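Asks: Before I ask anything, here is the structure I am working with.
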Amino acid sequence: MDGFVHAQYGKVVRVAPNKYSIDDPAACKLIYGFGAPLKKSTWYSMASDPKIGPNHNLFSVQDREMHAAMRKRQAGFYSMTSIKTYEPFVDECVSVFLEQFDRISKSGEIIDLQIWLQSYALDAISQMTYGVRHGLVDNGARDPDKHMQWLWDLQYFMTLGGLTFPWGLPLLLLRYGSIFSGAMKFVDRLDKQAEEKFDNGTVKETALDDGRPVTFFEKVLKARNANAEDFEKYHIGSSTNANMLAGSDTTSIALSSIMYHSLKSTHVWKRLREELNEAISNGSVTQPITFEQAQNLHYFQCVLKEALRVHPSIGLPMWRLIPQGGMEIGGTFFPESTWIGINPWVAHHNKEVFGNDIDVFNPDRWDANTTPKPKLDQMAAYSLAFGAGSRTCIGKNVSILEMNKLIPELVRRYDFDLLQPDKEPEIENNWFVKQKHINVRVQPAQ
Ligand code: HEM
């Protein structure tokens with residue numbers, strides 16, 4: 001793939017009037033680094049509630065000071081201490097998933113692994129956030145209320161709308177109004193559910209003391225009660241529904257990438273199994289595997305990094321706005337108000353950083369025993385799967401938890417036959433680059 005059009009045109013490519021895609025590791029810090037003067041462009045306004053504007057949520061907020069304050073208020077919900085408290089919720093989701101796969105592996109039926117992984121990601125984030133699963137996995141990966149479709153439609157509308165915000169909105173609403181209103185109903189319902197629970201006291205802060213796992217929502221409630229002045233009521237809904245909007249498709253894409261690439265390269269699957277079996281036999285992995293144990297599986301962690309490199313969940317530039325007075329970046333002067341951004345797909349296919357084998361799924365490139373540290377540091381600095389700098393993904397550890405809990409259990413228990421190993425899955429890019437139809441036959445592990 002070779003950096004796409006950048007291989008032909010260089011580090012700076014004009015992709016639309018006033019919009020430039022950049023492929024330059026040295027520029028990455030200037031654009032996204034802590035303290036960089038570029039704020040998010042109005043592309044992100046589409047991710048907010050129009051009645052409130054961009055300050056509606058952490059993802060959409062553009063003002064840098066406002067963002068810093070909001071992020072500080074929410075950081076605790078996603079800290080490593082909090083992540084540990086979410087682990088029992090994920091255990092429950094994994095357990096339901098395995099029950100289903102035990103049944104499937106005996107029946108010999110062919111399944112679409114992508115749909116199952118997406119169902120798991122949506123159930124897991126919903127269980128951590130609200131304490132209840134959507135029940136997609138329980139339901140055999142069926143989605144009668146079309147939650148997955150609403151999320152995808154909303155993403156489509158946001159992506160297009162963001163590029164032409166605000167003038168293109170009326171045209172888009174004319175053309176895609178029904179998609180938008182359907183998807184907004186889903187988001188409104190999530191917001192209302194959260195606010196109603198707050199209003200009628202269904203969820204109480206005292207739950208924090210009764211020794212059971214604490215949901216994300218309960219943590220939000222505590223923050224709101226402690227600081228009603230800064231923590232607006234709409235932040236209750238906007239911070240909880242951000243998990244659903246930003247954290248389900250993204251995680252399912254990463255899970256699908258891990259599974260597809262490890263199954264396609266059968267030696268990778270074999271090594272994953274060997275590493276896990278060894279850890280089980282020497283007692284360093286229990287059942288279910290803990291987050292900490294999974295993180296000590298050295299080869300598995302390399303696979304995870306490589307899956308996020310070769311197929312990052314986000315596939316358009318993360319647009320930033322050139323500030324007043326313009327700015328020189330990598331030898332090019334950009335006038336004020338220009339949009340520039342790096343697309344993680346472009347960054348991850350940069351040969352100077354990742355080597356000539358960019359199209360090869362090669363987990364060993366991340367092996368600290370064989371790859372020199374300066375190279376590892378260079379690759380890590382241009383790994384943008386979770387973004388970079390002050391706007392980096394706040395939910396990264398939540399999704400890493402989901403991956404670390406599920407994948408080793410699949411490796412432990414099942415063999416998978418990819419039905420079309422030589423055919424890459426179709427993909428659709430709505431900013432999230434989602435795979436379609438990863439058909440497999442599952443069998444108990446031999
Ligand atoms: C594999 C899974 C995930 C990937 C690849 C991913 C990717 C990203 C990226 C690239 C950004 C930065 C966007 C930008 O700068 O334009 C981001 C931001 C964000 N993500 Fe994630 N994400 C994932 C999972 C999650 C989860 C599980 C949650 C919530 C539980 C979440 C919540 C957010 C939020 C709230 C932001 C905005 C942070 C801010 O601006 O301060 N993400 N994510």
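Each residue of the sequence shown is one higher than the one before, counting from 1 in the UniProt record's numbering. All C-beta atoms in this analysis are idealised placements derived from N, C-alpha and C, irrespective of residue type, glycine included. Being a predicted model, the structure only gives us computed values, none of them experimental.
1. Which residue spans inside the stretch 107-143 form an unbroken beta strand (DSSP E) run of at least 3?
2. Using a Cβ-based criterion (distance less than 7 Å to any ligand heavy atom), does C393 qualify as near ligand 1?
3. Determine whether the beta carbon atoms of S313 and A254 lie at a separation below 8 Å.
4. How big is the Cα-Cα spacing for residue 452 and I104?
5. Counting only the same chain and skipping the five closest in sequence on each side, list residues whose C-beta sits under 7 Å from that of A121.
6. Using a Cβ distance threshold of 8 Å, determine whether the stretch 304-320 contacts the stretch 331-349, with at least three qualifying pairs required.
7. Cβ-heavy atom distance between N243 and ligand 1 below 7 Å?
8. Of the choices A36, A75, K11, A69, whose alpha-carbon is the least far from that of I394?
9. So for W431, helix, strand or coil by DSSP?
10. In the stretch 1-48, which residue ranges form an unbroken beta strand (DSSP E) of at least 3 residues, counting only runs that do not cross its ends?
11. Ends of the alpha helix (DSSP H) at W319?
12. Starting from G217, follow the alpha helix (DSSP H) in both directions and report where the run begins and ends.
13. For P363, tell me which candidate among I22, Y156, K39, R271 has the shortest Cα-Cα distance.
14. Which term fits V5, buried or exposed, when burial requires 16 or more other beta carbons within 10 angstroms of its beta carbon?
15. Considering only the beta carbon of each residue, do V96 and V137 sit closer than 8 Å?
16. Quick check on DSSP: helix, strand or coil for E402?
17. For V285, name the three-state secondary structure that DSSP assigns.
18. Which runs of the alpha helix (DSSP H) spanning at least 4 residues fall entirely within the stretch 328-397, listed in chain order?
19. Compute the distance between the beta-carbons of S79 and S60, then report whether it is under 8 Å.
20. Just to check my reading of the structure: I179 and D145 have Cβ atoms closer than 8 Å, yes? What is that Cβ distance to the nearest angstrom?
21. Which one of L304, H437, A226, S238 has the shortest CA to CA distance from Q114?
22. Straight-line CA distance for H235 to T159?
23. At what residues does the alpha helix (DSSP H) containing Q443 begin and finish?
Replies: This is what the structure holds:
1. For the stretch 107-143, the full-length beta strand (DSSP E) segments reaching 3 residues or more read 110-112 along the chain.
2. For the purposes of this step, residue 393 is taken as the residue at position 393 of the sequence shown. It does: the Cβ of C393 is within 7 Å (strictly closer) of some heavy atom of ligand 1.
3. The count along the sequence shown starts at 1 and reaches residue 313 at position 313. The count along the sequence shown starts at 1 and reaches residue 254 at position 254. In contact: S313 and A254 (Cβ atoms closer than 8 Å).
4. Nothing about residue 452 can be read from this structure; the chain reaches only from 1 to 446.
5. Translated into the one-based positions of the sequence shown, residue 121 becomes position 121. Answer for A121: S248, T251, S252, L255, E402, listed in chain order.
6. Enough Cβ pairs lie closer than 8 Å, so yes.
7. By one-based count along the sequence shown, residue 243 stands at place 243. For N243, the Cβ falls inside the 7 Å cut-off from some heavy atom of ligand 1.
8. The sequence position of residue 394 within the sequence shown is 394, counting from 1. Selected option, being the one with the closest Cα: A75.
9. By 1-based counting over the sequence shown, the position of residue 431 is 431. In this structure, W431 counts as coil in the three-state DSSP scheme.
10. List check, beta strand (DSSP E) in window: 12-16, 19-22.
11. Counting from one through the sequence shown, the residue named residue 319 turns up at place 319. Where W319 is concerned, there is no enclosing alpha helix (DSSP H), because DSSP gives it neither an H nor an E.
12. Sequence index remark: in the sequence shown, residue 217 carries index 217 (1-based). For clarity, residue 217 is Phe in the given sequence; the question names Gly instead. For F217, the enclosing alpha helix (DSSP H) has its first and last residue at 216-226.
13. By one-based count along the sequence shown, residue 363 stands at place 363. Closest option to P363, Cα to Cα, is R271.
14. Residue mapping note: residue 5 aligns to position 5 of the sequence shown, counting from 1. With fewer than 16 Cβ atoms within 10 Å of its Cβ, V5 is classed as exposed.
15. In the sequence shown, the residue the question calls residue 96 occupies position 96. In the sequence shown, the residue the question calls residue 137 occupies position 137. In contact: V96 and V137 (Cβ atoms closer than 8 Å).
16. Counting from one through the sequence shown, the residue named residue 402 turns up at place 402. For E402, the three-state secondary structure derived from DSSP is helix.
17. Position 285 of the sequence shown holds residue 285. Note: V285 maps to coil in three-state DSSP.
18. Segments of the alpha helix (DSSP H) lying fully in the stretch 328-397: 344-347, 351-354, 373-381.
19. The sequence position of residue 79 within the sequence shown is 79, counting from 1. The sequence position of residue 60 within the sequence shown is 60, counting from 1. The answer is no: Cβ separation not under 8 Å.
20. Along the sequence shown, read from residue 1 onward, the residue named residue 179 stands at position 179. Along the sequence shown, read from residue 1 onward, the residue named residue 145 stands at position 145. The beta-carbon distance between I179 and D145, rounded to whole angstroms, is 16 Å. This is too long to meet the 8 Å contact definition.
21. For this step, residue 114 is matched to residue 114 along the sequence shown. Shortest Cα-Cα distance from Q114 to any of L304, H437, A226, S238 involves H437.
22. The residue you call residue 235 lines up with position 235 of the sequence shown. The residue you call residue 159 lines up with position 159 of the sequence shown. One C-alpha to the other measures close to 23 Å.
23. Numbered from 1 along the sequence shown, position 443 holds the residue referred to as residue 443. Element bounds for Q443: not the alpha helix (DSSP H) but the beta strand (DSSP E), 439-444.
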